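Following: one structure in structure tokens, then a few remarks.
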DNA sequence: CTTGTTTTTGAGAGCTACTGTCATTTCATG
DNA sequence: CATGAAATGACAGTAGCTCTCAAAAACAAG
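Laid out in structure tokens, this is it:
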């Protein structure tokens, strides 16, 4: 059976490790927290930690939004400019997050932006996102999955978001997860880049 | 004095470490090569290795092009669309590389694209590049250094390049360092993204 | 050249992320 | 309850990286 005691226990252990890890990272900082400490707090052995997460970094890098965004892209009506598709899809994806998911997202984002090692990994996720988004865009337009211009559009959109992300988070009143500036950036792209 | 025996010897040691490291990486693979092996080959102690390069990764990640590109951006004549400025600046920067620099670049690129850890670090360099390019663009246009639209333009341009880079390198006859596709991508951005 | 100062180096100890093995425990099923 | 499968923990080992301290090399000045 898929839902025996085993599965539930595994999910619980996984959640416990992640929760204690996040807490310790927030309390002591990322680098200052060792895997042994996390394992202790979660009451598992260090070996078990690595059985659940391939690396210390991966505890923070979950990423369940990408798939949602891609789904939303595919669900957009036909006949809309690709950048608009991306903007709407992102908006929808984030509007559909539950409050708990929001909270988790905020904690993750804060850590990820603060810790260089994590930032670097997130960037990698972004390039994977480029691939996914490019394919979705191309498919919508009836083009081959590796279409050149689709890649350019996806890359430009994600690059633009990436460029304004830090300002979105660091800005005074803006709470993480407030994607106004991201939308502004994409709107700018939609309307054509400024000329000079 | 800036040019005593000391300086020259340091430069030589640095070059030796880098050269042996690249060679070993190419021969045995990146992960399979230990810092101790590199140190042995370069005839220095492991401690000395880390005195010259903060990490094993940094031996490959030199990056002297960014500054050149930014300089070229600043040197572009006035009254040109920002994306065009970026495209021309990149073209000029790479046209001015010496054959030896080209050779080194090609070896680096090959490694960097093949090894995930290195890829990830290169992406980080790209975000730093976004900052630099955004500032240069803003300054050219007489805008504040942290201007929002300048960031969007820089992000979109670099994102677009990033998206087509792998295809540029993996494509059949294309030798690394042949930046035709990068130029194509930027041209696409210049002319406005496809709409339907 | 000699002496004194600064810089560079090497040796070694130590921490931590991560991997692999193997015996033990925990759950599922007939 | 017995048997098979999965999860766990204890342990040992590798490698990247940091730190300290003393020896060696390069420089400046008399």
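Chains as they are written, first to last, in full-length UniProt numbering: chain X, 1 to 196; chain Z, 1 to 196.
Every residue gets a Cβ at the ideal spot worked out from N, C-alpha and C, and that includes glycine.
None of these values were measured; they are calculated from a predicted model.
Here residue 144(X) carries a coil assignment [DSSP, helix/strand/coil]. Between the alpha carbons of residue 26(X) and residue 104(Z) lies a gap of roughly 42 angstroms.
Contact check between the region 25-45 of chain Z and the region 64-77 of chain Z: fewer than three CB pairs, one atom from each, fall below 8 angstroms, which does not count as touching. Just so you know, the alpha carbons of residue 143(X) and residue 84(X) end up roughly 18 angstroms apart. Take residue 73(Z), set aside five residues on each side of it, and the residues of its chain with a beta-carbon closer than 8 angstroms to its own are 85, 86, 89, 133, 136, 137 and 140, in chain order.
In this structure, residue 120(X) places its C-beta atom within 8 angstroms of the C-beta atom of residue 121(Z).
For residue 183(Z), the CB contacts under 7 angstroms within the same chain, skipping 5 residues up- and downstream, are 87 and 91 in chain order. Secondary structure note for residue 63(Z): it is in no alpha helix (DSSP H), with a DSSP letter that is neither H nor E. When the Cα atoms are used, residue 153(Z) and residue 106(Z) turn out to be separated by approximately 28 angstroms.
Residue 53(Z) sits in coil when the DSSP states are folded into three classes, being neither helix nor strand. Against chain X, the beta carbon of residue 192(Z) has neighbours under 7 angstroms at 192, listed in chain order.
The three-state secondary structure of residue 17(X), taken from DSSP, is helix. In the three-state scheme derived from DSSP, where H, G and I count as helix and E and B as strand, residue 125(Z) is classed as helix. With the criterion set as a beta carbon lying under 8 angstroms from some beta carbon of chain X, the members of the region 144-165 of chain Z are 146, 148, 149, 151, 152, 153, 154, 155, 156, 157, 158, 159, 160, 161, 162, 163 and 164, in sequence order.
Judged by their CB atoms, residue 50(Z) and residue 17(Z) are not nearer to each other than the 8 angstroms cut-off.
120, 121, 123, 124, 126, 127, 130 and 134: these are the residues of the region 120-137 of chain Z whose beta carbon lies less than 8 angstroms from some beta carbon of chain X, given in chain order.
Under the Cβ criterion of 8 angstroms, residue 83(X) is counted among the residues facing chain Z. For the C-beta of residue 188(X), the chain Z residues within less than 7 angstroms are, from N- to C-terminus, 149 and 152. Interface annotation for the region 61-75 of chain Z against chain X: empty, criterion Cβ-Cβ distance under 8 angstroms.
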